[in-house]
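J.: Please find one structure pasted underneath; my questions will follow.
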Amino acid sequence: MDQWHTLADRVRAAGVPFVIEPYVRFEGQPGEQATMFFLDPAGNALEFKALADIRQLFAS
């Protein structure tokens with residue numbers, strides 16, 4: 779999760795516009811995850827995620 783926050787800060791500092799701003803979803807629930815989307819130079823949407831607990835990867 780720390781690396782995800784660092785990446786979000788670096789992307790912001792570089793002036794890259796987000797398609798979906800960085801945020802945490804399912805906060806405090808099983809499967810809690812951080813996500814952000816931005817475009818690569820070819821226009822492809824990239825999603826970067828981090829999980830609060832990797833053991834909850836497929837939690838519902």
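Read in order, the letters of the sequence shown correspond to residues 779 to 838 in my numbering.
For every residue, glycine included, the Cβ atom is placed at its ideal position computed from N, Cα and C.
1) Look up leucine 829 in the DSSP assignment and say whether it is helix, strand or coil.
2) Please report the straight-line C-alpha distance between tyrosine 801 and glutamine 807, rounded to a whole angstrom.
3) Out of curiosity, what's the CA-to-CA distance linking glutamate 799 and methionine 814?
4) For phenylalanine 796, which residues from the same chain have a beta carbon less than 7 angstroms from its beta carbon, with the 5 sequence-adjacent residues on both sides left out?
5) Can you give me the C-alpha to C-alpha distance between alanine 820 and alanine 812, rounded to a whole angstrom?
T.: If we stick to the structure as given:
1) Three-state result, leucine 829: strand.
2) 15 angstroms
3) 6 angstroms
4) Met814, Phe815, Phe816
5) Rounded to whole angstroms, alanine 820 to alanine 812 spans 24 angstroms at the Cα level.
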